[in-house]
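Numbered according to the working numbering, the sequence shown spans residues 13 to 604.
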Amino acid sequence: MCASLSRAAARRQQIFVETELQTLFRQHHEFKRKAYPEWASYDGDHRYDDCLTDLSDDAAQKRCQKYRAFLRHLETLDFKVLSPAMQRNARLFAWVLSQDIQFHELHLHLLCIDQQEGMHLKFPQWAEVHPLETYPQYQQYFSRLKAFKKQVQDTVQNLQLGIKKGLVHPRCVVEQSLLQMRELAAAPLQDMPLYQPILRHLPALSAELAERVQQMATRLITEEVQPAYTQLADFVQAHYLPHCSAEDYGVGLHALPQGKVLYDYWIARHVMPGLSAEEIHDVGLAEIARLQGQLSAVLTRLQLPQRWSDLRVRLQQDPAYYFQDVDQLMDTYAVMLKQAEAALPILFRKLPKTPCVLKALEPWRAAAAPQAYYYTPPQDLSRPGIYYVNTHALHERPRYAMMALTLHEAVPGHHLQLARALEINDLPDFRYHIEATAFVEGWALYAESLGFEMGLYDDVQTLGALSFELWRASRLVVDTGLHALGWSRERAVAYLREHTLQSETDIQSEVDRYIALPGQALAYKMGERKIAAWRQAAEQAWGTHFSLPDFHEVLLSSGSLPLEEIEEDIHRYLLKGQRVAANSSLSSTSTT
């Protein structure tokens, strides 16, 4: 009787804690949807389509207070009574909350303009997903256009706070952001990204409604939105830029107050806790030496120069390696995407149901953008994943890089992993939005290497695959050099010239990306090395019973996770493999 009562009490405790957790998860999700309405719209939740995020410092403090309250409630619960799956959810929830709290405590929200993810760029991006099928939806769209002025005012105040705290971006980042603001402020209406969705949807409207919508959109964009961009640009030009370091030495986080603390935060967030910048730097140097040896054999087969300076000139000047026409470039990407999709079944048990579509990157953000992007589907899977490729400056978009780029951004890289993660049922909502950079980007770089097993690389595309991996290894050296070791921007540029095959445009853009987004570039190679090590261990543990599709299923079946969490799954998988191999050996001995 006592044992039965004890079990019943334990079960009641488990139900209570699970109920509390699920309530916390729902409350957190609802809070974030309302706090970040543009994100909600992107994710298919259109309850707040007439609102924009409150970017004020006061709102940021209130959000942080809410995260602290969630965390305090979470810490009152006894995780030990939960199932392993719910224990993982609780750990991950604490991890997400802690990251968001620390982000605010370090005042990183004050670094709010850059040429990659600045608020001035995020504003026109949501326009691509805002529904415009009914007049009420247009009214919601117009409410957001009106609200942009408030976002600009809040941003100006945040930049002023950043100046007071010594938290400012370097001049090289701000000057590019300023150029983007000026271009958006002065863009002809027809070219304004906020007006283009109106043009696309006008044919579906009646003549009277179309005229009314055009008039309202024209007035709001030209009389409110573009003047707000001008206001922001004028402030940045006159009041912010003078505080931005003009010294080349001052481009990294090391030049800011608490610079080491800031960089350690980004390393922990984008890779994993406990790694030092110096350790990562040394890994990069070793990887570069290894990859240069592999590349030498490919250059011999292609009869290309072994000397790096000669090789760069040869590749950059040979028209055979470049397209002269955007349509030809896009057609070739489309063919490669189909080839990659056709080869997937040999390596994977389960493929995403959501399609991946190819698009050219919009001109208004192409000049400062990387070679490609991937945008995930929303949580409701109402839109496909999008593989964006950069068609700006065709003479610097080499053919030999195209297959590796496709495998990374589309399949079996980002789209296969992220779309599959969204298709997993019954996870708490926050699990679909975890920022597990090292796994996500590490998987995508690992996916590039699968091109060999998929039969997609000839020697020319192998040149691209190895050059891409070399580029990711160089990031370990350059990112840590800039933010921890006192490198100048010019030294970083020179290093990439000497150790990668990237074009000059890409090199300049990439260095400025590393400056603006500290630590993010470390995730690729560090994550890929971890996955490669796990695969090697699995091959040894399972022996002749090793199955690559099964290994991939272990990695992909739980969604995007920090490396520390995946390590637990891998450990169980290795133990199972050792038991299978041991039993097989015993069976073989018995038979003999």
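Here a beta-carbon is modelled for each residue, glycine too, at the ideal position from N, C-alpha and C.
Measuring straight from C-alpha to C-alpha, what distance separates K161 and G498? What you label residue 161 is simply residue 149 of the sequence shown in a count that begins at 1. What you label residue 498 is simply residue 486 of the sequence shown in a count that begins at 1. Per the coordinates, the alpha-carbon of K161 lies some 38 Å from the alpha-carbon of G498.
Residue(s) in a DSSP beta bridge with I527: Stepping through the sequence shown from its first residue, residue 527 is reached at position 515. I527 is not bridged to any residue.
Ignore the nearest five residues each way along the sequence and tell me which others in Y387's own chain have a CB closer than 6 Å to its CB. As a position in the sequence shown, residue 387 is number 375, starting the count at 1. I398.
Given Q238, which residues of its chain have a CB within under 6 Å of its CB, disregarding the five upstream and five downstream residues? Here the question's residue 238 lines up with position 226 in the sequence shown. Taken in chain order, the residues that qualify are A197.
Let me know the alpha helix (DSSP H) ranges lying completely inside the region 329 to 380, each 4 residues or longer, listed in chain order. 338 to 355 and 375 to 378
Here's the rule: buried if 16 or more other CB atoms are within 10 angstroms of the residue's CB, otherwise exposed. What is K44? Counting from one through the sequence shown, the residue named residue 44 turns up at place 32. Per the 10 Å Cβ criterion, buried.
Taking the alpha-carbon positions, what's the L133 to Q127 distance? Looking up residue 133 in the sequence shown gives position 121. Looking up residue 127 in the sequence shown gives position 115. For L133 and Q127, the distance between alpha carbons rounds to 8 Å.
Unbroken alpha helix (DSSP H) run spanning I300, endpoints: Within the sequence shown, the letter at position 288 stands for residue 300. Element bounds for I300: A289 to R313.
Spell out a yes or no on whether the region 460 to 479 and the region 433 to 445 are touching, meaning 3 or more CB-CB pairs, one atom from each, closer than 8 Å. no
Per-residue burial, E465 [other beta carbons within 10 Å of its own, 16 or more giving buried]: Mapped onto the sequence shown, residue 465 falls at position 453. So E465 counts as exposed.
Q151 at chain D interface by Cβ criterion, 7 Å: The chain labelled as chain D is not found in the depicted structure, where only one protein chain is given.
Close Cβ partners of D61 (< 6 Å) along its chain, the five nearest in sequence each way excluded: Position 49 of the sequence shown, counted from the first residue, corresponds to residue 61. So the qualifying residues of the chain are S53 and Q152.
Tell me whether the beta-carbon of L190 lies closer than 7 Å to the beta-carbon of V248. Residue mapping note: residue 190 aligns to position 178 of the sequence shown, counting from 1. Residue mapping note: residue 248 aligns to position 236 of the sequence shown, counting from 1. Note that the C-beta distance between L190 and V248 is below 7 Å.
Residues in its own chain within less than 6 Å of A416 by CB, not counting five upstream and five downstream? For the purposes of this step, residue 416 is taken as the residue at position 404 of the sequence shown. Hits under 6 Å: E460, G476, A477 and F480.
Any chance you could list the beta strand (DSSP E) runs of at least 3 consecutive residues sitting entirely within the region 441 to 477, in chain order? none
From the DSSP output, which residues share a beta bridge with V401? The count along the sequence shown starts at 1 and reaches residue 401 at position 389. Bridge partners of V401: A372 and A384.
Measure from the alpha carbon of A596 to the alpha carbon of each residue in Y507, M342 and H557, then state which is nearest. As a position in the sequence shown, residue 596 is number 584, starting the count at 1. Per the sequence shown, residue 596 should be read as Ser rather than Ala. Comparing Cα positions, the closest option is H557.
Less than 8 Å between the CB atoms is what I'm expecting for C256 and R501, so what's the real figure, rounded? Locating residue 256 in the sequence shown gives position 244, counting from the first residue. Locating residue 501 in the sequence shown gives position 489, counting from the first residue. Between R501 and C256 the Cβ distance is about 13 Å, and since that is not below 8 Å, they are no contact.
Mark T474 as exposed unless 16 or more other C-beta atoms lie within 10 angstroms of its C-beta, in which case mark it buried. Mapped onto the sequence shown, residue 474 falls at position 462. Counting every other CB atom within 10 Å of its CB across the protein chains shown gives T474 a total of 16 or more, marking it as buried.
On the three-state DSSP scale, how would you describe L559? The sequence position of residue 559 within the sequence shown is 547, counting from 1. Strictly speaking, residue 559 in this sequence is Ser, with Leu absent from that position. Coil, per DSSP.
For Y207, which of helix, strand or coil comes out of DSSP? Working through the sequence shown from its first residue, we reach residue 207 at position 195. Three-state result, Y207: coil.
For A219, the first and last residue of its enclosing alpha helix (DSSP H): The residue given as residue 219 occupies position 207 in the sequence shown. Start and end: A219 to L232.
Given E571 as reference, the closest of C76, F442 and L560 once Cα atoms are compared: In the sequence shown, counting from the first residue as 1, residue 571 sits at position 559. As written in the sequence, residue 571 is Gly, which differs from the Glu given in the question. Out of C76, F442 and L560, F442 has the C-alpha closest to the C-alpha of G571.
Can you list, in chain order, the residues of its chain with a C-beta nearer than 8 Å to that of Q383? Leave out the 5 residues immediately preceding and following it. Here residue 383 refers to the residue found at position 371 when the sequence shown is read from its first residue. Cβ within range, chain order: V401, N402, R409, A413, L417 and D518.
Starting from F239, follow the alpha helix (DSSP H) in both directions and report where the run begins and ends. Locating residue 239 in the sequence shown gives position 227, counting from the first residue. Contrary to the premise, residue 239 reads as Pro rather than Phe in this sequence. Unbroken alpha helix (DSSP H) run through P239: Q238 to F247.
Would you check if there are 3 or more beta carbon pairs closer than 8 Å linking the region 105 to 118 to the region 79 to 86? yes
Looking at the structure shown, is N101 part of a helix, part of a strand, or coil, going by DSSP? By one-based count along the sequence shown, residue 101 stands at place 89. N101: helix per DSSP, three-state reduction.
Span separating the alpha-carbon of V423 from that of Q25: Here residue 423 refers to the residue found at position 411 of the sequence shown. Here residue 25 refers to the residue found at position 13 of the sequence shown. C-alpha separation (whole angstroms): 44 Å.
Looking at the secondary structure, which residues open and close the alpha helix (DSSP H) in which A52 lies? Looking up residue 52 in the sequence shown gives position 40. P49 to Y54 is the span of the alpha helix (DSSP H), which, as asked, contains A52.
Any idea what DSSP makes of W320, helix, strand or coil? Counting from 1 along the sequence shown, the entry for residue 320 is found at position 308. DSSP places W320 in helix when its eight states are reduced to three.
I need the straight-line Cα distance from L314 to G463, nearest angstrom please. One-based indexing of the sequence shown puts residue 314 at position 302. One-based indexing of the sequence shown puts residue 463 at position 451. Rounded to the nearest angstrom, the two C-alpha atoms are 19 Å apart.
Can you tell me which of L598, L575, R584 and S321 puts its alpha carbon nearest to the alpha carbon of G286? Start at 1 with the first residue of the sequence shown, and residue 286 comes out as number 274. A check of alpha carbon separations from G286 across L598, L575, R584 and S321 identifies L575 as the nearest.
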